[in-house]
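In our numbering, each residue's number is its place in the sequence shown (first place is 1) plus 449.
Below: the structure, in structure tokens.
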Amino acid sequence: MYEAVDSRRAVRAFSDEPVPKYVLERVLAAATRAPSSGNLQPWHVYVVSGEPLAELKRRATARALAGDPGDEREYPMYPAELAPPYLDRFSAAAAQRYEALGIERDDPARPVKIAALNSEAFGAPVVLFCYLDRMMGPGQWGDAGMYLQTVMLLLRAEGLHSCPQVMWTMYRETVSQIVGADDELVLFCGVSVGFEEEGVPRLRTGRADMTETVRFIGA
Ligand SMILES: Cc1cc2nc3c(=O)[nH]c(=O)nc-3n(C[C@H](O)[C@H](O)[C@H](O)COP(=O)(O)O)c2cc1C
């Protein structure tokens with residue numbers, strides 16, 4: 450368990466090796482055991498691969514390369530005014546991430562390059578799209594996070610890696626056209642899934658020290 454938690458990273462370079470469907474079924478069947486408040490299990494998941502994923506990547510990447518600012522957001526990716534310490538953590542992770550992807554900080558094409566890498570799902574052969582019913586509130590969004598972390602840890606047990614991607618919400622209408630999600634569903638994020646590309650430097654994103662986020666009260 451510690452190994453799965455420690456080795457899970459947002460991988461941004463996948464090989465094109467296909468992921469067997471029975472492995473995905475095993476992971477997603479086990480992940481049904483994830484907890485949720487009141488046992489609502491509020492997640493709706495679409496597993497996209499093959500030609501439908503290729504078509505989605507083509508359409509989303511065309512939008513990214515055209516500089517399309519994306520569909521109207523259904524929830525904000527981040528609070529409008531991020532302040533320290535969150536802003537510092539955000540900036541440090543962004544700098545590390547794009548340096549690892551070889552995108553220079555002052556490259557004017559940086560936003561388009563980032564969007565295009567995301568819309569290619571970093572080369573992953575499978576993307577899971579997680580939706581919630583529009584009527585659900587913050588508690589159920591928390592449940593969906595627990596569910597997706599359960600999925601991502603189980604993927605490690607299968608030798609697979611993942612990258613959760615809120616960026617897909619920019620192209621949520623294109624995603625919905627491909628998966629056929631109805632209007633009552635809100636796209637939370639996509640999770641790219643696959644085997645890691647060999648020979649790509651591994652990014653280990655920093656973390657705040659535990660003492661910044663955890664207080665022990667009592668003995
Ligand atoms: C809900 C969620 C959405 C995310 N969206 C993106 C994304 O759109 N693109 C991306 O490259 N990484 C995305 N990430 C990955 C985070 O950047 C990453 O988890 C964080 O920097 C910590 O790095 P690590 O997961 O490699 O330890 C997302 C993570 C989560 C949990």
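Quick reminder that beta carbons are idealized off the backbone N, C-alpha and C, glycines included.
All values reported here derive from a predicted model rather than from experimental measurement.
Check: If you run the structure through DSSP and keep just helix, strand and coil, what is Ser-486?
Finding: For the purposes of this step, residue 486 is taken as residue 37 along the sequence shown, with counting starting at 1. In the structure shown, Ser-486 sits in a helix (DSSP, three-state: H, G or I).
Next item on the list: Work out the CA separation of Arg-664 and Gly-639 for me, nearest whole Å.
Entry: By one-based count along the sequence shown, residue 639 stands at place 190. By one-based count along the sequence shown, residue 664 stands at place 215. Rounded to the nearest angstrom, the two C-alpha atoms are 32 Å apart.
Margin query: One question on the structure: do Leu-609 and Val-468 come within less than 8 Å of each other, judged by their Cβ atoms?
Written below: Here residue 609 refers to the residue found at position 160 when the sequence shown is read from its first residue. Here residue 468 refers to the residue found at position 19 when the sequence shown is read from its first residue. Against a cut-off of 8 Å, the Cβ pair of Val-468 and Leu-609 comes out as a contact.
Item checked: C-alpha distance - Glu-504 paired with Val-615, whole-angstrom precision -> By one-based count along the sequence shown, residue 504 stands at place 55. By one-based count along the sequence shown, residue 615 stands at place 166. Their Cα atoms are separated by approximately 19 Å.
Notebook entry, point to check: Beta carbon of Met-701, beta carbon of Pro-484: below 8 Å?
Noted result: There is simply no residue 701 to check, as the chain begins at 450 and stops at 668 in what is shown.
Notebook entry, point to check: How would you call Phe-571, buried or exposed, if buried means at least 16 neighbouring beta carbons within 10 angstroms?
Noted result: Here the question's residue 571 lines up with position 122 in the sequence shown. When all chains shown are included, Phe-571 counts as buried.
Notebook entry, point to check: Any chance the segment 651-666 sits against the segment 472-481, with 3 or more Cβ pairs inside 8 Å?
Noted result: no
Check: What are the boundary residues of the alpha helix (DSSP H) that includes Phe-539?
Finding: Taking the sequence shown and counting its residues from 1, one reaches residue 539 at position 90. Per DSSP, Phe-539 belongs to the alpha helix (DSSP H) from 535-549.
Notebook entry, point to check: Pick from Arg-538, Val-575, Arg-508 and Trp-617: whose alpha carbon is nearest that of Asp-658?
Noted result: On the sequence shown, position 209 is the one that residue 658 refers to. That would be Arg-538, whose Cα lies nearest to the Cα of Asp-658.
Note to self: Looking at ligand 1, does it come within less than 7 Å of Met-584, judged from the CB to the closest heavy atom?
What the structure shows: Here residue 584 corresponds to residue number 135 of the sequence shown, with the count starting at 1. No, Cβ of Met-584 sits at least 7 Å from all heavy atoms of ligand 1.
Next item on the list: Assign Gly-499 to buried or exposed, taking buried as 16 or more other Cβ atoms, counted over all protein chains shown, within 10 Å of its Cβ.
Entry: Your numbering for residue 499 matches position 50 in the sequence shown. Exposed.
Check: What is the DSSP secondary structure of Asp-631, reduced to helix, strand or coil?
Finding: As a first step, residue 631 must be located in the sequence shown, where it is residue number 182. Looking at Asp-631 - three-state DSSP - the assignment turns out to be coil, as it is neither helix nor strand.
Notebook entry, point to check: Can you give the Cα-Cα distance for Pro-557 and Ala-564, rounded to whole angstroms?
Noted result: Taking the first residue of the sequence shown as position 1, residue 557 is located at position 108. Taking the first residue of the sequence shown as position 1, residue 564 is located at position 115. Near 13 Å, if we compare the C-alpha coordinates of Ala-564 and Pro-557.
Item checked: DSSP three-state assignment for Tyr-471, whether helix, strand or coil -> Position 22 of the sequence shown, counted from the start, is the residue given in the question as residue 471. Looking at Tyr-471 - three-state DSSP - the assignment turns out to be helix.
Notebook entry, point to check: Three-state secondary structure (DSSP) at Tyr-527?
Noted result: In the sequence shown, the residue the question calls residue 527 occupies position 78. Three-state DSSP puts Tyr-527 in coil, outside helix and strand.
Next item on the list: Using only alpha-carbon positions, find the residue among Leu-514, Tyr-451 and Arg-457 that is nearest to Ser-641.
Entry: The sequence position of residue 641 within the sequence shown is 192, counting from 1. Cα-wise, what sits closest to Ser-641 is Arg-457.
Next item on the list: Could you give the DSSP three-state label for Gly-639: helix, strand or coil?
Entry: As a working mapping, residue 639 is identified with position 190 in the sequence shown. Note: Gly-639 maps to strand in three-state DSSP.
Checklist line | Distance, Ala-479 Cα to Leu-489 Cα | finding: Locating residue 489 in the sequence shown gives position 40, counting from the first residue. Locating residue 479 in the sequence shown gives position 30, counting from the first residue. For Leu-489 and Ala-479, the distance between alpha carbons rounds to 17 Å.
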